[in-house]
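Number of protein chains: 2
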Amino acid sequence: MSRGAADKAALIAALELALRRMSAQGVMISQAVATKVGLASTDLECLDIIYMEGPVTAGRLAAATGLTTGAITGLVDRLERAGFARRRRDPDDRRKVLVEAMPEAEARIAPLYGSLQQAMQRVYARYSKAELTLILDFTNRCQEVAVQEIAQLNR
Amino acid sequence: MSRGAADKAALIAALELALRRMSAQGVMISQAVATKVGLASTDLECLDIIYMEGPVTAGRLAAATGLTTGAITGLVDRLERAGFARRRRDPDDRRKVLVEAMPEAEARIAPLYGSLQQAMQRVYARYSKAELTLILDFTNRCQEVAVQEIAQLNR
DNA sequence: GTCGTTATCTTAGTAACTAAGATATATATC
DNA sequence: GATATATATCTTAGTTACTAAGATAACGAC
Numbered sequence: 010m011s012r013g014a015a016d017k018a019a020l021i022a023a024l025e026l027a028l029r030r031m032s033a034q035g036v037m038i039s040q041a042v043a044t045k046v047g048l049a050s051t052d053l054e055c056l057d058i059i060y061m062e063g064p065v066t067a068g069r070l071a072a073a074t075g076l077t078t079g080a081i082t083g084l085v086d087r088l089e090r091a092g093f094a095r096r097r098r099d100p101d102d103r104r105k106v107l108v109e110a111m112p113e114a115e116a117r118i119a120p121l122y123g124s125l126q127q128a129m130q131r132v133y134a135r136y137s138k139a140e141l142t143l144i145l146d147f148t149n150r151c152q153e154v155a156v157q158e159i160a161q162l163n164r
Numbered sequence: 010m011s012r013g014a015a016d017k018a019a020l021i022a023a024l025e026l027a028l029r030r031m032s033a034q035g036v037m038i039s040q041a042v043a044t045k046v047g048l049a050s051t052d053l054e055c056l057d058i059i060y061m062e063g064p065v066t067a068g069r070l071a072a073a074t075g076l077t078t079g080a081i082t083g084l085v086d087r088l089e090r091a092g093f094a095r096r097r098r099d100p101d102d103r104r105k106v107l108v109e110a111m112p113e114a115e116a117r118i119a120p121l122y123g124s125l126q127q128a129m130q131r132v133y134a135r136y137s138k139a140e141l142t143l144i145l146d147f148t149n150r151c152q153e154v155a156v157q158e159i160a161q162l163n164r
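Those protein sequences? They're chains A and B, same order as listed.
Mind the numbering: the first sequence is residues 10 to 164 in the numbering used here, read in order.
Mind the numbering: the second sequence is residues 10 to 164 in the numbering used here, read in order.
Spelled out as structure tokens, the structure:
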């Protein structure tokens, strides 16, 4: 094996470990934020889905999280009770329940991510557009791999 | 704002979203793996810590996960019962309990990550050493930010 | 209108968690 | 060396989020 190949293998090993740690830290951050706003971390995860997708049905939340619909009932109850979300019947299909974020919910959660976002902005500032493009490209490829892997594991 | 700056802002926004998604997917992967080996996802997280740090005390696991020592007692019971780890008294300080992985545990878990690792190797193969260095650098900076953020949130 | 399907909720039971206190060992003080 | 304090884990009782299975209500096809 050439010198360069060995270097690359070491680089990849370091990157693997770093990605693994980053993943674990992601869990810890959302856990800490959830605790601070008085929610279970699953509840915050669902609220996150609601922000990314807009009002969603209870069934959609169950599918996205892998929880049963019964668990989602309790989860949405907690989100409602804490004032982060509310239920609304879908006028087009009255079996469905749309869960939507309360307007003021974001104002209560965003500040907790403020310091993280600022720190990340300082990280982003270190890189050129070309470099950020490369990093985004890598991240997107990781995502594709993750999506396929999750599907395969749950098969 | 110049054209280039707007591009960069858009790039950063895309990267933020991608990182957020990647973090959520990390949770889902470890959840799926844990279910497959018949463990709670917290149990697998602890097993991961044991692999990364070697034999650790129950207290260290409590600190690393944020769980109470009582919860760790039950967690280690489950790991022992499932044959993934075992307790051993620390000969130097007999109050301490060292938790170590059973030699055969890795052989039961690693295969579940095999397909992920192979897919990731194909991703890595797309990049040069210089590019991988850049990505590793970025990942490490993210980690530093995460460590500080977690400490601040739990303060 | 009736039947099968879909979406959510309800109920009963389970498992992991916390908080507080018990136990055993270690360390410091006199 | 005996006593007091601190540390590390375990135990117990009670809480909470979860699953599984079935109830309820609304939709769609015939």
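Even glycine gets a Cβ: it sits at the ideal position worked out from N, Cα and C.
Per DSSP, Glu113 (chain A) lies in no alpha helix (DSSP H) segment and is marked neither H nor E.
Pairwise C-beta distances place the segment 67 to 75 of chain B out of contact with the segment 88 to 95 of chain B, as fewer than three of them are shorter than 8 Å.
Distance from the CA of Val108 (chain B) to the CA of Ala94 (chain B), rounded to the nearest whole angstrom, comes to 7 Å. Residue-level contact check: Tyr133 (chain A) touches chain B, since one or more beta carbons of chain B fall below 8 Å from its beta carbon. Along the segment 66 to 135 of chain A, the alpha helix (DSSP H) occurs as fully enclosed runs of 4 or more residues at 67 to 74, 78 to 90 and 114 to 133, listed in sequence order. With a threshold of 16 other beta carbon atoms within 10 Å, Met61 (chain A) falls short and is exposed. The residues Gly92, Phe93, Ala94 and Arg95, in chain order, have a CB closer than 7 Å to that of Met111 (chain A) in the same chain once the five nearest residues on each side in sequence are set aside.
Chain-ordered listing is empty here: chain A has no CB closer than 7 Å to the CB of Gly47 (chain B), the nearest sitting near 14 Å. Residues of chain A with a Cβ closer than 9 Å to the Cβ of Gly13 (chain B) are, in chain order, Lys138. Between Leu70 (chain B) and chain A, the shortest Cβ-Cβ separation is not below 8 Å. A straight line joining the alpha-carbon of Lys105 (chain B) with that of Ala116 (chain B) spans about 28 Å. If you ignore the 5 residues before and after Ala114 (chain A), its C-beta comes within less than 6 Å of the C-beta of Phe93, all in its own chain and listed in chain order. Using a C-beta cut-off of 8 Å, the segment 21 to 41 of chain B makes contact with the segment 29 to 43 of chain A, since at least three inter-stretch Cβ pairs fall below that distance. Residues are counted here when their Cβ sits less than 8 Å from a Cβ of chain A; for the segment 148 to 163 of chain B these are Thr148, Asn149, Arg150, Cys151, Gln152, Val154, Ala155, Val156, Gln157, Glu158, Ile159, Gln161, Leu162 and Asn163, given in chain order.
Boundaries cannot be given for Leu48 (chain B), as no alpha helix (DSSP H) includes it and DSSP labels it neither H nor E. Among the residues of the segment 94 to 111 of chain A, none has a Cβ less than 7 Å away from any Cβ of chain B. Taking all protein chains in view, the Cβ of Ser39 (chain A) is crowded by 16 or more other Cβ atoms within 10 Å, so the residue is classified as buried.
Sixteen is the threshold: since fewer than 16 other Cβ atoms of the shown chains lie within 10 Å of the Cβ of Thr78 (chain B), the residue is exposed. Rounded to the nearest whole angstrom, the C-alpha separation of Ala41 (chain A) and Asp16 (chain B) is 33 Å.
Taking a contact as a CB-CB distance under 8 Å, the pair Leu125 (chain B) and Leu141 (chain A) does not count as one, their CB atoms being some 25 Å apart. Counted as a single uninterrupted DSSP element, the alpha helix (DSSP H) harbouring Arg150 (chain A) occupies residues Lys138 to Leu162. Across the structure, Val156 (chain A) and Leu53 (chain B) are spaced so that their CA atoms are roughly 20 Å apart. In this structure Leu26 (chain B) is exposed. Its beta-carbon is surrounded by fewer than 16 other beta-carbon atoms within 10 angstroms.
The three-state reading of DSSP puts Gly63 (chain A) in coil, since its state is none of H, G, I, E or B. Burial is judged here by how many other beta carbons sit within 10 angstroms of a residue's own beta carbon; Glu158 (chain A) has at least 16 and is buried. Within the segment 18 to 40 of chain B, the residues whose Cβ lies closer than 9 Å to any Cβ of chain A are, in chain order, Leu20, Ile21, Ala23, Leu24, Glu25, Leu26, Ala27, Leu28, Arg29, Arg30, Met31, Ser32, Ala33, Gln34, Gly35, Val36, Met37, Ile38, Ser39 and Gln40. Below the 7 Å Cβ cutoff, chain A contributes Leu20 as neighbours of Thr142 (chain B), in chain order. With respect to chain B, the C-beta atom of Asp52 (chain A) has no partner C-beta closer than 8 Å. For Leu121 (chain A), same chain residues with a beta-carbon under 8 Å away, outside a window of 5 residues either side, are Val42, Lys45 and Val46 in chain order.
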